[in-house]
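If you're matching positions, the sequence shown starts at 898 in the numbering used here and goes up one per residue.
Read the structure below first, then the notes.
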Amino acid sequence: MKRILDPLDEHIIAQLRLNARAAHAELAAKVNLSRNAVRQRIERLERDGVIQGYTVKTGEGRQAASDINAVIFVYRYDRMRGAEVLQALREIPEVLQCDVMSGEFDLMLRVGAASPQRVHKVWTEIAALPGVENTVTSFVLSSVV
């Protein structure tokens, strides 16, 4: 069952996206809750899988871990029963997003990697998964939204 977030949860998540290292007291002041209430909400969001991890952004002079973004469309042999493929995709850290699609493709993956060579290695790993029939890969040229 998908959890519906209330406006306070959404506000906390928005603040964490701006600064994942913000102290609970700092977040509490920004969302008008007590420090303990913010801590409890964050723990619940983590437990429920809404927050699945935290990340690091690098500044000038450093190559970000996902400077190269790609979209990989995946065709599975058995579109309704390919749970093994989905589980294997969860294990690949460069797979940032996986959506089950209607229409021509079964899955749409967003992949972030440090180099085109790393995207190629990830693609090779995905294409070799039992249950994957075919893939189509496109590199992201620019993001506008």
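Every residue gets a Cβ at the ideal spot worked out from N, C-alpha and C, and that includes glycine.
*Just tell me which of 1013, 953, 1036, 1042 has its CA closest to the CA of residue 1006.*
1036
*asked:* Here's a check: name, in chain order, each residue in its chain whose Cβ is nearer than 7 Å to the Cβ of residue 1012, leaving out the five neighbours to either side.
replied: 965
*Hey, residue 973 and residue 1008 are a contact pair by Cβ (cut 8 Å); roughly how many whole angstroms apart?*
Rounded, the Cβ-Cβ distance is 17 Å, inconsistent with contact.
*asked:* Pairs of beta-carbons, one from the stretch 936 to 951 and one from the stretch 910 to 923, closer than 8 Å: are there three or more?
replied: yes
*By Cβ distance below 7 Å, which residues in the same chain neighbour residue 1039 in space, the five residues on each side in sequence not counted?*
none
*asked:* Let's test the definition: count the other Cβ atoms within 10 Å of the Cβ of residue 1010 and tell me whether it reaches 16, buried, or not, exposed.
replied: buried
_Whole alpha helix (DSSP H) elements within the stretch 898 to 983, 4-residue minimum_ = 904 to 915, 921 to 928, 932 to 944
*Along the beta strand (DSSP E) that carries residue 1010, what are the first and last residues, could you check?*
1004 to 1010
_Beta-carbon spacing of residue 1034, residue 968 below 9 Å_ = yes
*With DSSP as the reference, label residue 1029 as helix, strand or coil.*
strand
*asked:* DSSP three-state label for residue 997, please.
replied: strand
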